[in-house]
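Enquirer:
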Amino acid sequence: MARFSRKISSWLGKDDVMNGVIIWSEHVSKRAIIWCEDHGRLAFFKAEETLQGESSRKNQVFAYESGDMVSFTVDEQADLRLARDLQWVSRQKYPHLAEQLKAGSSSVAAVARPSGNIVQFRCVEPTDPGAEAYEVA
37 MARFSRKISS WLGKDDVMNG VIIWSEHVSK RAIIWCEDHG RLAFFKAEET
87 LQGESSRKNQ VFAYESGDMV SFTVDEQADL RLARDLQWVS RQKYPHLAEQ
137 LKAGSSSVAA VARPSGNIVQ FRCVEPTDPG AEAYEVA
């Protein structure tokens with residue numbers, strides 16, 4: 037789906053710009069992993085690859101943190117999604133997203149139980165990442 041929407045954007049003359057949230061960053065190597073708004077593959081950012089030929093920006097302090105919402109240009113290469121031209125949208129907009137994603141990946145999918153036409157959803161209160169999941173009917 038992401039490739040299809042990317043092609044449509046190209047046909048319409050739009051840049052491949054996406055928003056996302058940094059879920060991991062490392063200041064020394066100036067790298068980050070970004071969870072993308074299309075819920076597709078994660079995007080990888082590495083400052084030195086992005087800033088080749090831009091010596092004035094290579095020595096800038098890398099201050100992106102997990103939880104920062106960013107806008108970036110997407111460059112898809114083989115099975116990798118690379119982020120370039122990182123720009124802050126909002127600092128610490130989603131400070132607990134990485135923990136919530138980790139918790140969601142380790143939880144077992146809800147077991148189907150016969151319950152008529154009632155569909156149960158497992159929810160976690162977004163303001164408290166440590167809260168236990170509860171069922172909503």
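Note that this note's numbering gives residue 131 to position 95 of the sequence shown, counting from 1, and the numbers run on in steps of one.
For each residue, glycine too, the CB sits at the ideal point set by N, CA and C.
Tell me K138's beta-bridge partners as DSSP assigns them.
Expert: Beta-bridge pairing links K138 to no other residue.
Enquirer: Take every Cβ of the stretch 103-111, pair it with every Cβ of the stretch 120-136, and state whether three or more of those distances are shorter than 8 Å.
Expert: Enough Cβ pairs lie closer than 8 Å, so yes.
Enquirer: Nearest to I66 by CA position, among S126, G56, K82 and L116, is which residue?
Expert: The residue asked about is misnamed: residue 66 is Lys in this sequence, not Ile. Among S126, G56, K82 and L116, the Cα nearest to that of K66 belongs to K82.
Enquirer: Taking DSSP as the reference, what is the three-state secondary structure of E84?
Expert: E84 falls in the helix class under three-state DSSP.
Enquirer: From R127 to E84, what does the alpha carbon distance come to, in whole angstroms?
Expert: C-alpha separation (whole angstroms): 22 Å.
Enquirer: Identify, in the order they occur along the chain, each residue of the same chain with its Cβ nearer than 7 Å to the Cβ of L133, setting aside the five sequence neighbours on each side.
Expert: The answer, listed in chain order, is V57, I59, W71 and G103.
Enquirer: Go ahead and label A68 buried or exposed: buried means 16 or more other beta carbons lie within 10 angstroms of its beta carbon, across all protein chains shown.
Expert: That one is buried.
Enquirer: With 16 other CB atoms within 10 Å as the buried threshold, where does A79 fall?
Expert: Counting Cβ neighbours within 10 Å, A79 comes out buried, since at least 16 surround it.
Enquirer: If we call anything under 9 Å between Cβ atoms a contact, is H63 one with A99?
Expert: For H63 and A99, yes; Cβs fall inside 9 Å.
Enquirer: Determine the direct distance from the alpha carbon of V53 to that of W124, and round the result to whole angstroms.
Expert: Approximately 13 Å, taken between the alpha carbons.
Enquirer: Indicate the three-state DSSP secondary structure (helix, strand or coil) for L116 in the structure shown.
Expert: Strand, per DSSP.
Enquirer: Taking DSSP as the reference, what is the three-state secondary structure of L20?
Expert: Absent from the structure is residue 20, since the part of the chain shown begins at 37 and ends at 173.
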